Amino acid sequence: MGSKADFRPVRACIFDMDGLLLNTEDIYSQCANLVLAKYGKPDIPWSIKARLQGRPGPEANKLFNNWAQLPITNEEYAAEVSVHQRAFFPTAKPLPGVEALLAALESTKRAPAPGPRVHIALATSSHSKNFELKTTHLTDLFSVFPAERRVLGDDPRIAPGRGKPLPDIFLLALKSINDTLPEGEMPIEPEECLVFEDSVPGVEAGRRAGMRVLWCPHPMLAKEYAGREEEVLTGRTGEAGAVDLHQLGQLGDGWGQYLPTLENFPYDKYGIKVVQ
């Protein structure tokens, strides 16, 4: 991987959704805590949530139940928590800075744009039904993601067991962009992509895909990893188990950046020229 000095301008931005575009991480906690309380268990701590974020639902539910030790099966927990999720997901709201950021990236496609077009795609572990619950009331916000550039957790092109922290979802999102580029545009390379993630497994997936990564975590997740930010940005926290280390970054290599919010995004840092 290259050094800080030789990055090419970003031509594609690939976005996670939960906890990055929408405030659904707090909703997930709320729903889980309602089930936990029913069985006399304490609220889910962020040390556990950090391991669940960004992962496919079945895997996350298994990890959760191994911690919670509820007197019900994984399937029964999934059924109980989904009742609450169906009630609360339609209340999801965009996180600070999201609407302005997406609008600014869209502006790069307007003529006369001062720089290269920036194409965007969605790469979320949310399955189709949950995606609809979270976004049906936000059609304007998600209209910037064409249907052919949305990769969801139950996309049949992603093999079972190949969710984050594996890179498949981001590589597929890039393919969805390249397959639909306007005539005359050169295919976009992974190193010209910027992945937006809030989760630690998601950051690792982006790094393993050979892409630059912007980590914008929930404040409580940032607190969990205080002092370990560089490990997160290189995908080297060890949270995902044994991995091929050659796929990951080196501490301080500049391929990852931590931002506490998407407000006032530093476009110039990534060679992105927005239309004011």
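Here the sequence shown stands for residues 128 to 403, numbered as in my numbering. Backbone N, C-alpha and C define an ideal beta-carbon position, used for all residues, glycine too. Bear in mind the structure is a predicted one, so any value in this text is a computation, not a measurement.
Secondary structure note for Trp-342: its beta strand (DSSP E) is the uninterrupted segment 339–342. Less than 8 Å divides the Cβ of Gly-383 from the Cβ of Val-340.
Contact between the stretch 248–263 and the stretch 279–295 is established, with three or more Cβ pairs separated by less than 8 Å.
When beta bridges are read from the DSSP output, Leu-375 appears opposite no residue.
Between the stretch 216–235 and the stretch 307–318 there are fewer than three inter-stretch CB-CB distances shorter than 8 Å, so the stretches are not counted as touching. Relative to the Cα of Asn-257, the nearest Cα in the group Ser-209, Val-278 and Val-245 belongs to Ser-209. Judged by DSSP secondary structure, Ile-141 falls within the beta strand (DSSP E) whose first and last residues are 139–142. With respect to Leu-229, Val-271 sits close: the two C-beta atoms are nearer than 8 Å.
In terms of CA proximity to Thr-262, Asp-145 leads the group Asp-145, Asn-188, Pro-387 and Phe-392. Residue pairing of Ile-247 in beta bridges, as defined by DSSP: Cys-140. Of the residues Pro-223, Ser-156 and Ala-248, the one whose Cα lies closest to the Cα of Asp-306 is Ala-248.
In the three-state reduction of the DSSP assignment, Leu-149 falls in the strand class. Gln-384: member of the beta strand (DSSP E) spanning 383–385, first to last residue. Counting along the chain, Glu-356 sits inside no beta strand (DSSP E); it lies in the alpha helix (DSSP H) bounded by residues 356–361. Using a Cβ distance threshold of 8 Å, Ala-300 and Ile-141 count as a contacting pair. With 16 or more other CB atoms across the displayed protein chains lying within 10 angstroms of its CB, Asp-295 is buried. A straight-line Cα-Cα distance of about 15 Å links Gly-280 and Ser-303. Under DSSP, Val-322 takes part in a beta bridge, and its partners are Ile-141 and Val-340. Where Asp-281 is concerned, there is no enclosing alpha helix (DSSP H), because DSSP gives it neither an H nor an E. The residues Arg-135, Pro-136, Val-137, Arg-138 and Ala-139, in chain order, have a CB closer than 8 Å to that of Glu-319 in the same chain once the five nearest residues on each side in sequence are set aside. Remark: C-beta atoms of Trp-173 and Leu-348 approach each other more closely than 8 Å. For Glu-356, the closest of Glu-186, Arg-335, Ala-336 and Glu-331 by C-alpha to C-alpha distance is Glu-331. As the crow flies, the alpha-carbon of Gly-242 is around 42 Å from that of Gln-212.
Pro-221 sits in a strand when the DSSP states are folded into three classes.
Rounded to the nearest whole angstrom, the CA to CA distance from Phe-191 to Tyr-394 is 37 Å. By the neighbour-count definition (other C-beta atoms within 10 Å, threshold 16), Thr-266 is an exposed residue.
Going by beta carbons, Leu-222 and Asn-150 fall inside the 8 Å limit.
Remark: C-beta atoms of Leu-389 and Arg-335 do not approach each other more closely than 8 Å.
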